[in-house]
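Take a look at the structure set out below.
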Amino acid sequence: MTFLATPLRRRIPAKGFWSWVTTVDHKRIAKLYGYTGFVFFIVGGLEALLIRLQLARPENAFITPAEYNSLFTMHGTTMIFLVVMPLAAAFMNYLLPLMLGARDVAFPRLNALGYWFFLGGGIVLYSSYILATAGAPAGGFLPETISRLGSAANGGWFMYPPNSGAQFSPGSVIDFWLVGIALAGVGSLVSSVNLLTTIFNLRAPGMSLMKMPVFAWMAMVVNFLLLFSIPIITVAIFMLIFDRQFGTAFFEASGGGDPVLYQHLFWLFGHPEVYILILPAMGIVSEVLPVFSRKPLFGYAAVVFAGIAIGFLGFGVWAHHMFASGIGPITQAAFGLSTMTIAIPTGVKVFNWIATMWGGKLRFTAPMLFAIGFVAMFTIGGLSGVTHSIVPADWQQTDTYYVVAHFHYVLFGGSMFGIFAGLYYWFPKLTGRMYRERLAKYHFWLMFIGFNMTFGPMHYLGLMGMARRTYTYPAGIGLEFWNMISTIGAFLIASSVLLFMANWINSRRRGAPAPIDPWDARTLEWSIPSPPPEYNFGEVPTVRSLDDFWHQKYDEDDLGRVTRRPDADAHIAELTEKHLHPEHRPHLPSPSAFPPLAGLSALGFAFGLLYHATPVGLGLIALGVVGLFASFLSWAREPLEENA
Amino acid sequence: MTAHTETSTGIDTRKLGMWAFLSSEALFFGALITNYLLFKGRDLQGIHPRELLNIPFTSVSSFVLLMSSLTMVLAHAALTRDNQRAARGWLLATAALGATFVGGQVYEFSNFYKEGMTLSTNPASSSFFVLTGFHGAHVTIGVLLLLSLVGLSFRRGGLTFEHGLNLELVGLYWHFVDIVWIVIFTVVYLIR
Amino acid sequence: MDSAKPAHPSPRQYVTIAGILVVLTALEVSLFYLNIGGINTPALIVLMLLKFTLVVAFYMHLRYESGFLRRLFAAGLAVASVLYFIVLATFYSRG
């Protein structure tokens with residue numbers, strides 16, 4: 063471990079705008095992902111509120127059909143690609159090195175690059191509101207001359223051809239989506255290579271895979287899913303771009319192509335994608351529930367293997383999104399069966415979470431409330447999902463609000479609740495302060511009630527025939543009341559988010575100072591100061607067991623009864639001191655300008671592609687390529703650490 | 299992380315990262331190959347690839363690319379013996395062979411265009427061009443990587459395996475591009 | 002750490018393998034021209050897999066690497082093969 067002995071030579075700037083732009087510190091990159099993702103959450107939420115305002119009454123003219131198509135497309139795309147994925151990335155980036163006992167991730171600069179590509183993708187996507195040309199007129203509550211609400215991508219978040227092809231979507235709105243998502247996707251791929259390598263290679267001595275926290279296991283599965291699914295959607299996107307721009311007919315039946323091929327390629331990515339969205343939250347909840355039940359996770363191995371099984375089986379169910387696409391009875395039967403089987407490992411996890419809480423000494427803090435909320439809401443969403451696995455039932459449900467109910471229960475009641483649980487749970491570690499518990503509980507209850515008001519009725523509305531992706535519904539067929547309830551619920555959700563934001567902003571500066579282990583938790587990240595020093599661990603720990611930190615504080619007798627060791631507090635104080643003032647200050651990767659420069663080049667390249675028919679566009683393409691090449695070459699020449 | 303740090307698996311971190319990336323490329327090229335297999339015989343209007351593929355010419359191209367894998371591996375062997383000049387020479391040879399391959403592809407494609415088979419003629423031609431085009435793009439990037447290594451070899455200390463972008467990693471990428479071609483050559487060109 | 006591993010083919014062995022690759026390619030091309038019926042395609046695939054394996058095992062050194070890397074690469078190949086086989090199968094079992 064000679065690197066421990068080498069003193070730090072270059073002073074890393076701790077503050078200032080440029081220190082953030084050039085950062086390669088995983089904790090800062092995590093914050094970049096987190097704050098950016100949260101900003102997109104607000105934007106996507108505003109899009110949702112506009113949708114709900116339009117649907118509050120039948121035959122409403124608040125939003126025009128064209129605007130509506132853009133809004134639901136952008137809402138879905140934003141929440142999936144620009145909110146849940148980056149927030150999950152934020153957690154994985156922040157926590158994995160801390161949980162594994164590492165100083166940073168495997169490829170710090172590549173890690174930064176992943177963020178800049180994500181941001182670039184988001185910028186391209188959202189610039190469509192301003193820059194893209196659409197065929198359709200706008201003009202709802204905003205006058206036609208200024209409304210750009212209908213100018214963003216409008217083909218649904220899955221962007222099916224032929225609707226999204228050149229004939230039915232002239233103009234450039236679709237291209238902005240395709241290029242933006244492709245760029246963000248490359249960022250995810252790059253990130254997955256980095257995090258997988260981190261998990262496999264940078265664990266502290268003694269931490270075998272079966273001694274890793276469950277969150278780390280779920281992160282591993284997520285990153286395998288990303289690794290294998292992003293290339294597929296990248297191909298689908300390229301092929302659709304070629305169809306739109308270069309006259310190919312991959313997905314045009316009239317040209318000999320097949321639109322169902324797109325659906326296969328999209329859902330080969332799209333289904334693993336939904337497990338990418340939920341597994342991090344499952345990992346978070348698997349960390350939170352044991353701590354606030356004062357019991358270890360019930361069936362660690364089962365939860366781990368169930369997670370692996372979900373990832374594995376998740377690759378085998380994609381055509382259940384295509385039951386209504388004419389794929390034929392053999393295919394339908396096969397995928398209906400495989401979809402049913404995926405309920406099994408999911409159920410295993412739910413039972414294990416419940417068993418973790420059973421007989422435990424429960425503390426109903428805000429993270430615990432969100433975690434329990436997750437288990438309940440996700441189970442509801444999972445149950446409606448399983449009803450989709452029955453093909454004839456799915457034919458009834460497809461394209462109705464029943465599906466909208468299902469995926470919001472798993473994505474909001476599931477992923478977002480899990481994310482909020484994590485945000486509150488790790489807030490003290492991140493900031494060194496406690497959030498306001500009472501306000502957080504108000505957030506939870508308001509959000510819980512609002513959420514169920516918004517999405518619960520959609521099960522009924524869907525089965526009564528209310529169609530998805532349609533800007534209005536007829537009066538007089540019984541849909542009015544629950545749509546109004548749903549809209550009110552949406553505004554309750556929005557209010558609860560404001561409570562969260564107020565809590566976060568206020569408590570960061572003025573919350574009560576937090577000890578390093580405020581929750582009496584189990585995993586390694588709680589053994590270092592809050593907020594962690596830049597190098598995380600002053601001394602890399604040696605791990606002897608699962609939940610090693612817990613075993614440093616508590617003894618367990620043969621019957622599993624737990625007693626706090628008399629030297630536990632002194633031990634924690636000693637740890638704090640050791641990590642804050644290490645004998646030899648560890649040296650760290652130096653900040654680098656090349657990941658953001660590469661990101662900027664990629665952004666230029668992306669806009670160049672969108673304007674490839676103009677000289678400016680061609681110039682941007684050339685500049686982008688040169689910039690990328692120059693950035694990567696400089697990156698290769700730059701030593702990772704100044705004194706390497 | 300450089301080689302002096304111990305890793306949990308015992309595998310060099312950068313090598314592990316590269317193999318993970320190459321593993322994902324199987325999904326990328328697999329989709330393109332599937333695409334070709336689906337469309338190659340379907341609903342054909344206009345000239346399609348089977349009519350124009352030049353087996354003798356492409357056999358020579360394939361030979362060129364295979365030989366470039368040999369020169370790559372010889373470059374690696376030279377560097378393990380710390381023979382910087384030989385390593386540089388073999389790297390240049392590899393780049394030259396790679397560039398020859400790409401040149402051959404460009405020549406082949408322009409011939410196809412002259413014969414009336416373009417990217418948009420029919421789905422078979424589209425999927426042919428997209429598959430071989432993306433492969434050619436990968437080869438081109440590989441050539442740039444090789445030339446970058448040659449450029450980097452002139453710095454003080456020359457090429458080592460300690461650096462982030464090192465010969466072993468580029469070699470893995472290069473051989474991968476070769477094995478994709480091994481598959482394409484058989485599936486597209488040789489299987490009727 | 003693993004550059005200290007022993008087994009590395011010698012340059013001679015590398016050239017030998019290259020020779021085998023050339024022979025296999027020549028066989029493949031011959032099969033194309035001979036076109037001996039139903040067995041042609043399986044035979045071509047076998048030859049292709051042989052070449053593939055030789056390059057991966059010896060040139061990419063996977064034969065001498067940790068089993069973990071072998072499994073990692075195999076995973077990508079396996080997932081791709083299975084998924085795309087199923088996709089093609091759905092098209093042939095009535096769309």
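Chains as they are written, first to last, in the working numbering: chain A, 63 to 706; chain W, 299 to 490; chain L, 2 to 96.
C-beta: ideal position from N, C-alpha, C; glycine also.
Residue i vs residue j beta-carbon contact at 7 Å
{"i": "residue 318 of chain A", "j": "residue 312 of chain A", "result": "no"}
{"i": "residue 250 of chain A", "j": "residue 294 of chain A", "result": "no"}
{"i": "residue 161 of chain A", "j": "residue 278 of chain A", "result": "yes"}
{"i": "residue 586 of chain A", "j": "residue 163 of chain A", "result": "yes"}
{"i": "residue 253 of chain A", "j": "residue 361 of chain A", "result": "no"}
{"i": "residue 190 of chain A", "j": "residue 235 of chain A", "result": "yes"}
{"i": "residue 696 of chain A", "j": "residue 660 of chain A", "result": "no"}
{"i": "residue 359 of chain W", "j": "residue 328 of chain W", "result": "no"}
{"i": "residue 389 of chain W", "j": "residue 447 of chain W", "result": "yes"}
{"i": "residue 371 of chain W", "j": "residue 60 of chain L", "result": "yes"}
{"i": "residue 170 of chain A", "j": "residue 628 of chain A", "result": "no"}
{"i": "residue 530 of chain W", "j": "residue 326 of chain W", "result": "Examination of residue 530 of chain W is not possible in this model, given that chain W is present from 299 through 490 alone."}
Three-way DSSP call (helix, strand, coil) for residue i in this model
{"i": "residue 200 of chain A", "result": "Residue confidence is low: residue 200 of chain A scores 49 on pLDDT, short of 50, so the model does not pin down where it sits. Its coordinate-derived value is still stated next. Coil."}
{"i": "residue 293 of chain A", "result": "helix"}
{"i": "residue 4 of chain A", "result": "Outside the displayed range of chain A (63 to 706) lies residue 4 of chain A, so it cannot be described from this structure."}
{"i": "residue 86 of chain A", "result": "coil"}
{"i": "residue 304 of chain W", "result": "coil"}
{"i": "residue 368 of chain A", "result": "helix"}
{"i": "residue 14 of chain L", "result": "helix"}
{"i": "residue 495 of chain A", "result": "strand"}
{"i": "residue 575 of chain A", "result": "strand"}
{"i": "residue 306 of chain A", "result": "helix"}
{"i": "residue 42 of chain L", "result": "helix"}
{"i": "residue 462 of chain A", "result": "strand"}
{"i": "residue 529 of chain A", "result": "strand"}
{"i": "residue 96 of chain A", "result": "helix"}
{"i": "residue 57 of chain A", "result": "Since the displayed chain A opens at 63 and closes at 706, residue 57 of chain A lies outside it and no answer follows."}
{"i": "residue 458 of chain W", "result": "coil"}
{"i": "residue 250 of chain A", "result": "helix"}
{"i": "residue 352 of chain W", "result": "coil"}
{"i": "residue 87 of chain L", "result": "helix"}
{"i": "residue 439 of chain A", "result": "helix"}
Enclosing alpha helix (DSSP H) for residue i [first to last residue]
{"i": "residue 476 of chain W", "result": "465–482"}
{"i": "residue 504 of chain A", "result": "499–525"}
{"i": "residue 332 of chain W", "result": "311–337"}
{"i": "residue 625 of chain A", "result": "Careful: residue 625 of chain A lies outside any alpha helix (DSSP H), inside the beta strand (DSSP E) at 624–626."}
{"i": "residue 193 of chain A", "result": "170–193"}
{"i": "residue 431 of chain W", "result": "421–450"}
{"i": "residue 583 of chain A", "result": "Neither: residue 583 of chain A is in no alpha helix (DSSP H) and is coded neither H nor E."}
{"i": "residue 631 of chain A", "result": "630–642"}
Neighbourhood of residue i by C-beta distance below 6 Å, restricted to the same chain and skipping five residues each side
{"i": "residue 220 of chain A", "result": "328"}
{"i": "residue 608 of chain A", "result": "273"}
{"i": "residue 616 of chain A", "result": "624 and 626"}
{"i": "residue 121 of chain A", "result": "534 and 537"}
Cut-off 7 Å between Cβ atoms - residues of its own chain near residue i, not counting five sequence neighbours on either side
{"i": "residue 356 of chain A", "result": "422 and 423"}
{"i": "residue 41 of chain L", "result": "32"}
{"i": "residue 494 of chain A", "result": "575, 576, 592 and 593"}
{"i": "residue 439 of chain A", "result": "471, 475, 476 and 479"}
{"i": "residue 74 of chain L", "result": "63"}
{"i": "residue 382 of chain W", "result": "451, 456 and 457"}
Sequence-distant residues of its chain with Cβ nearer than 8 Å to residue i (five each side left out)
{"i": "residue 546 of chain A", "result": "118 and 119"}
{"i": "residue 710 of chain A", "result": "Given that chain A is displayed from residue 63 to residue 706, the structure contains no residue 710 of chain A and the question cannot be resolved."}
{"i": "residue 224 of chain A", "result": "230, 313, 314, 315 and 321"}
{"i": "residue 679 of chain A", "result": "669, 670, 671, 672 and 673"}
Start-to-end residues for the beta strand (DSSP E) that takes in residue i
{"i": "residue 617 of chain A", "result": "616–618"}
Listed in chain order, which residues of the stretch 314–343 of chain A have Cβ atoms closer than 7 Å to some Cβ of chain L? 322, 326 and 330
Chain W contacts from the stretch 75–92 of chain L (Cβ-Cβ distance under 8 Å): 76, 77, 78, 80, 81, 82, 84, 85, 88, 89 and 92
Check each residue of the stretch 84–101 of chain A: if its Cβ is closer than 8 Å to any Cβ of chain W, include it; give the result in chain order. none
For the stretch 50–70 of chain L, which residues have a beta carbon sitting closer than 9 Å to at least one beta carbon of chain A? 69
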